[in-house]
Amino acid sequence: MPIHDQGYRHYTGERTLHRRGWWVIARAGLADRLRERRFLGLFIFAWSLFVLRAVQLYIGETLARGVFFAPSEQTFQLFLDQQRLFVFFITIYAGAGLIASDRQSHALQIYLSKPITRNDYIAGKLLTLAIFLVAVTWVPAMLLLVLQVLFSGSLEFVADHPRLVPAITLASALQVALAVVTMVALSSLSSSRRFAAMLYAAIAIFAAAIARVLQASTGHAGWVLLSPENTLLAVNDVIFGAASVAAVPLPIAIGALAVVFAACIVILERRVRAVDVVA
Amino acid sequence: MTDGPAASLDGVTVAYGRHEALRHVSAEFPTGATGLLGPNGAGKSTLIKALLGLVAPASGRMHVLGHDVSQSPLAVRARVGYMPESDAHIPGMTAVSFVSYCGELAGLPRANAMQRAHEVLAYVGLGEARYRNLETYSTGMKQRARLAQALVHDPDLLLLDEPTNGMDPKGRDEMLALVRDIATTKGISLVLSSHLLPDVEYACSHVVVLHKGAVAAQGPISALKGSSGRVFELRVKGDDARFADALRAEGLECHVDGGGALRVFVAEERGSRLLFQLAVRHGVQVRHLRASVPSLEDVFARALGEEP
Chain A
0 MPIHDQGYRH YTGERTLHRR GWWVIARAGL ADRLRERRFL GLFIFAWSLF
50 VLRAVQLYIG ETLARGVFFA PSEQTFQLFL DQQRLFVFFI TIYAGAGLIA
100 SDRQSHALQI YLSKPITRND YIAGKLLTLA IFLVAVTWVP AMLLLVLQVL
150 FSGSLEFVAD HPRLVPAITL ASALQVALAV VTMVALSSLS SSRRFAAMLY
200 AAIAIFAAAI ARVLQASTGH AGWVLLSPEN TLLAVNDVIF GAASVAAVPL
250 PIAIGALAVV FAACIVILER RVRAVDVVA
Chain B
0 MTDGPAASLD GVTVAYGRHE ALRHVSAEFP TGATGLLGPN GAGKSTLIKA
50 LLGLVAPASG RMHVLGHDVS QSPLAVRARV GYMPESDAHI PGMTAVSFVS
100 YCGELAGLPR ANAMQRAHEV LAYVGLGEAR YRNLETYSTG MKQRARLAQA
150 LVHDPDLLLL DEPTNGMDPK GRDEMLALVR DIATTKGISL VLSSHLLPDV
200 EYACSHVVVL HKGAVAAQGP ISALKGSSGR VFELRVKGDD ARFADALRAE
250 GLECHVDGGG ALRVFVAEER GSRLLFQLAV RHGVQVRHLR ASVPSLEDVF
300 ARALGEEP
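The listed protein sequences correspond, in order, to chains A and B. Quick note: the first sequence uses numbering that gives the first Met the number 0, first residue 0, plus one each step. Quick note: the second sequence uses numbering that gives the first Met the number 0, first residue 0, plus one each step.
(1) Is G94(A) helix, strand or coil by DSSP?
(2) Check distances from the C-beta atoms of the region 24 to 53 of chain A to those of chain D and list, in chain order, the residues that come in under 7 Å.
(3) Give a yes or no on whether the C-beta atoms belonging to I251(A) and L169(A) are separated by under 7 Å.
(4) Determine contact between the region 44 to 57 of chain A and the region 91 to 110 of chain A, defined as no fewer than three beta-carbon pairs at a distance below 8 Å.
(5) Can you confirm whether A99(A), when its beta carbon is compared against all beta carbons of chain B, has any partner nearer than 7 Å?
(6) With DSSP collapsed to three states, give me the class of V86(A).
(7) Any C-beta of chain A within less than 7 Å: which residues of the region 82 to 94 of chain B qualify?
(8) Let me make sure I understand the geometry here. Which of H9(A), F78(A), A140(A), T181(A) has the alpha-carbon closest to that of A93(A)?
(9) Comparing the C-beta of R269(B) with each C-beta of chain A, is any distance below 7 Å?
(10) For the putative contact between Q148(B) and V98(B), defined by C-beta atoms under 8 Å, what is the C-beta separation to the nearest angstrom?
(11) Say whether chain A places a C-beta atom closer than 7 Å to the C-beta of A105(B).
(12) For K113(A), which residues in chain B fall below 7 Å Cβ to Cβ?
(13) Can you give me the Cβ contacts of L198(A) inside the same chain, cut-off strictly under 8 Å, excluding the 5 residues immediately before and after it?
(14) I'd like to know if K236(B) contacts chain A, where contact means its C-beta is closer than 7 Å to some C-beta of that chain.
(15) Name, please, each residue of chain A whose Cβ falls closer than 8 Å to the Cβ of D244(B).
(16) Whole angstroms are fine: how far does the CA of K141(B) sit from the CA of I91(A)?
(17) Which whole-angstrom value describes the C-beta separation of A87(B) and I109(A), a residue pair presumed to lie in contact below a C-beta threshold of 8 Å?
(18) Roughly how many whole angstroms lie between the Cα atoms of F282(A) and L142(A)?
(19) Assign I89(A) to buried or exposed, taking buried as 16 or more other Cβ atoms, counted over all protein chains shown, within 10 Å of its Cβ.
(20) At the 7 Å Cβ level, is G65(B) part of the contact set with chain A, yes or no?
(21) Within its chain, find whatever has a CB closer than 7 Å to the CB of L126(A); leave out the 5 residues flanking it on each side and keep chain order.
(22) Does DSSP put H9(A) in a helix, a strand or coil?
(23) By the DSSP assignment, the alpha helix (DSSP H) with C263(A) in it spans what residues?
(24) N316(B) CB to nearest chain A CB: under 7 Å?
(25) Tell me which same chain residues have a C-beta within less than 8 Å of the C-beta of R36(A), skipping the five on either side of it?
(26) Would you kindly work out how many angstroms separate the C-alpha atoms of V13(B) and R22(B), rounded to a whole number?
(27) Taking the alpha helix (DSSP H) that V68(B) belongs to, which residues open and close that run?
(28) Identify whether G218(B) lies in helix, strand or coil by the three-state DSSP scheme.
(29) Return no unless some Cβ of chain A is closer than 7 Å to the Cβ of P154(B).
(30) What number of angstroms, rounded off, separates the C-alpha of S7(B) from the C-alpha of M61(B)?
(31) Measuring alpha carbon to alpha carbon, tell me which residue in L149(A), Y10(A), A195(A), V183(A) is nearest E268(A).
(32) What does R8(A) reach in chain B if we use C-beta pairs closer than 7 Å?
(33) Alpha carbons only, please: which of F275(B), G186(B), E118(B) is nearest the one belonging to P29(B)?
(34) Touching or not, the region 61 to 72 of chain B and the region 242 to 251 of chain B, by the rule of three or more beta carbon pairs under 8 Å?
(35) Check T138(B) in the structure and name its three-state DSSP category.
(36) Ordered along the chain, which non-local residues of its own chain (more than five positions away) have a Cβ less than 7 Å from that of G102(B)?
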């Protein structure tokens, strides 16, 4: 009789018809990315602006109190705007292959043959990217606010700006949601992560360029709606109370973003299937 | 496990656009090993995906392990293991992390899934290679890894879609031995989809034959082969096609293979003498006659109504 039986044995342990398949997928996605040194480098670099802003806050509160670098709501809006560059690169790096790689390796039928729904799968993929993006937008912005309180030694700044926390949260949420939903939807369109990355970059860069050119040549602010990124900036102006003269009315901007979200959801609904139907 | 069949379909039609991949299919897959036979495009993979609830039928009902597939697809998938036909894997993973991940997706706690992954990988013969990245595996090893991910949550029913595809003869024999072991000694029912008759004949006791999206034959292989009759393989000098027509006109089942040999099914009460009499009558010379018992190939050919 063998010391250790290596034959098949029936499983007698715990087994659940769980509703946390999305979390299993997200956790695996996070671990997969964090194993890559290049991505870790990019992720750490994305915190460099946070360090600069923290130094600015420290100087403003200690060495040159009230003279330079006095923080305002716009300090935090500007910080989130500047983080867009890192959001762009992290979205492409961590998001382009989320579904495209699964399509390339025929993994969708493995996923969907398990007791999880398509929504679980999509939610897991969205969450993977969203966690990274929240970690370079909302988390550092809120940490800056905490540092501001610590450096000043009072809650006066927060009390004077009661809408700052909701504004940071809402602006970060919109920024992250737009990037995540767009990238994951584009990733589902192809079995090549490179193609998905190029598609995302083309939409982000060219749509913004075309919108700016048309705005400048016609003088009509409505062209901003061609670029989801620029539309989001206009919405952020309203969120942080710095409505620009060129901005389109808020309901129209929100409507334009809603159209983008709806289009992405339709794409995901049609593309995430265990069986590709060509008919 | 339920007392009834492992899976059953009742009048199931599955359509992709205007093309009907399955047409009013009614079939039963009893507990144990059942072969799902059919030529390419017969609807085997579609039937398996329908049983998993991955494609919704236009009409009909399906039950797997006592669950209505349309009502509780997740409960079905929790108790079923699926080994896909294509080279499916999750990129960037080692075999043990892949199988463990599949275990977690199937509802096993993380630690248990990892323990099971080690066990099933050892069982399918990948114990030594379990820390290697799946992308470095040979075709046969990938097939074994896919079998391991289907087994990791200890399913009651395994759906194997062409499990020996692309394997060398030795690997194929080993895979079939595993499949047979699972069905006979581990108490796991399985549906083995294949167009390779010897694979099904080796591993299964029952068979469902699909042809052009419809069931052409089903039942225990021994019953389908039939016991009251013999198959004669014969070669004749003369017009073999005309002779084959003549045999059919006499009410005999006759198939002509590519090499010009005729396989003729003769009922028990009518012996080989009949064949000689007919040969004389139609002016052909019998050059070779060999008697054999009906094989699954004959069942398949008869069910499809085609020449093997």
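Using N, Cα and C, we set each Cβ at its ideal position, and we do this for glycine too.
On the basis of the data shown:
(1) Numbered from 1 along the first sequence, position 95 holds the residue referred to as residue 94(A). Helix at G94(A).
(2) No chain D is part of this structure, whose protein chains are labelled A and B.
(3) Position 252 of the first sequence, counted from the start, is the residue given in the question as residue 251(A). Position 170 of the first sequence, counted from the start, is the residue given in the question as residue 169(A). In this structure, I251(A) lies away from L169(A), with their beta-carbon atoms at least 7 Å apart.
(4) Short answer: they don't touch.
(5) Within the first sequence, residue 99(A) is the residue found at index 100, counting from 1. So no, A99(A) is outside the interface.
(6) Indexing the first sequence from 1 puts residue 86(A) at position 87. Correct three-state label for V86(A): helix.
(7) Along the region 82 to 94 of chain B, the positions whose C-beta sits under 7 Å from a C-beta of chain A are P83, S85, D86, A87, H88, I89, P90, G91, read in chain order.
(8) What you label residue 93(A) is simply residue 94 of the first sequence in a count that begins at 1. Residue T181(A) is the option with its Cα nearest to A93(A).
(9) Here residue 269(B) is taken as the residue at index 270 of the second sequence, counted from 1. Chain A, which has no Cβ nearer than 7 Å to the Cβ of R269(B), makes this no.
(10) Here residue 148(B) refers to the residue found at position 149 when the second sequence is read from its first residue. Here residue 98(B) refers to the residue found at position 99 when the second sequence is read from its first residue. Between V98(B) and Q148(B) the Cβ distance is about 5 Å, and since that is below 8 Å, they are a contact.
(11) One-based indexing of the second sequence puts residue 105(B) at position 106. So, interface residue.
(12) Position 114 of the first sequence, counting from 1, holds the residue named residue 113(A). Going along chain B in sequence order, the residues near K113(A) (Cβ under 7 Å) are R76, C101, L104, A105.
(13) In the first sequence, residue 198(A) corresponds to position 199, counting from 1. Cβ neighbours of L198(A) beyond the five flanking positions: L185, L188, S189.
(14) Looking up residue 236(B) in the second sequence gives position 237. At a cut-off of 7 Å between beta carbons, K236(B) makes no contact with chain A.
(15) Along the second sequence, read from residue 1 onward, the residue named residue 244(B) stands at position 245. Ordered by position in chain A, no residue passes the 8 Å Cβ test against D244(B), which lies about 40 Å from the chain.
(16) Reading the first sequence from its first residue, position 92 is the one you call residue 91(A). Reading the second sequence from its first residue, position 142 is the one you call residue 141(B). Their Cα atoms are separated by approximately 30 Å.
(17) Position 88 of the second sequence, counted from the first residue, corresponds to residue 87(B). Position 110 of the first sequence, counted from the first residue, corresponds to residue 109(A). Indeed, because the Cβ distance is near 5 Å, the residues count as touching under 8 Å.
(18) Residue 282(A) lies beyond the residue range present for chain A, which begins at 0 and ends at 278; the question has no answer from this structure.
(19) As a working mapping, residue 89(A) is identified with position 90 in the first sequence. Around the Cβ of I89(A), a 10 Å sphere holds 16 or more other Cβ atoms; the residue is buried.
(20) Looking up residue 65(B) in the second sequence gives position 66. Not closer than 7 Å to any Cβ of chain A, the Cβ of G65(B) fails to qualify, so no.
(21) Locating residue 126(A) in the first sequence gives position 127, counting from the first residue. Contacts found: W21, A25.
(22) The count along the first sequence starts at 1 and reaches residue 9(A) at position 10. Coil.
(23) Taking the first residue of the first sequence as position 1, residue 263(A) is located at position 264. 249 to 270 is the extent of the alpha helix (DSSP H) around C263(A).
(24) Residue 316(B) lies beyond the residue range present for chain B, which begins at 0 and ends at 307; the question has no answer from this structure.
(25) Within the first sequence, numbered from 1, the residue matching residue 36(A) stands at position 37. Within the same chain, R36(A) has no close Cβ partners at all.
(26) In the second sequence, the residue the question calls residue 13(B) occupies position 14. In the second sequence, the residue the question calls residue 22(B) occupies position 23. One C-alpha to the other measures close to 7 Å.
(27) The residue given as residue 68(B) occupies position 69 in the second sequence. For V68(B), there is no enclosing alpha helix (DSSP H), as DSSP marks it with neither H nor E.
(28) Here residue 218(B) is taken as the residue at index 219 of the second sequence, counted from 1. G218(B) falls in the strand class under three-state DSSP.
(29) As a first step, residue 154(B) is located in the second sequence; it is residue number 155 there, counting from the start. Taking Cβ atoms only, chain A never reaches closer than 7 Å to P154(B), which makes this a no.
(30) Translated into the one-based positions of the second sequence, residue 7(B) becomes position 8. Translated into the one-based positions of the second sequence, residue 61(B) becomes position 62. Spanning the two alpha carbons is a distance of roughly 6 Å.
(31) Here residue 268(A) refers to the residue found at position 269 when the first sequence is read from its first residue. Of the candidates L149(A), Y10(A), A195(A), V183(A), V183(A) places its Cα closest to the Cα of E268(A).
(32) Here the question's residue 8(A) lines up with position 9 in the first sequence. Listed along the chain, the chain B residues whose CB falls inside 7 Å of the CB of R8(A) are E118.
(33) Position 30 of the second sequence holds residue 29(B). The candidate whose alpha carbon is nearest that of P29(B) is G186(B).
(34) Result no; under three Cβ-Cβ pairs closer than 8 Å.
(35) As a position in the second sequence, residue 138(B) is number 139, starting the count at 1. In the structure shown, T138(B) sits in a helix (DSSP, three-state: H, G or I).
(36) The residue labelled residue 102(B) in the question sits at position 103 within the second sequence. The beta carbon of G102(B) sits closer than 7 Å to those of A112, R115, A116, V151, H152, all from its chain and outside the five residues before and after it, given in chain order.
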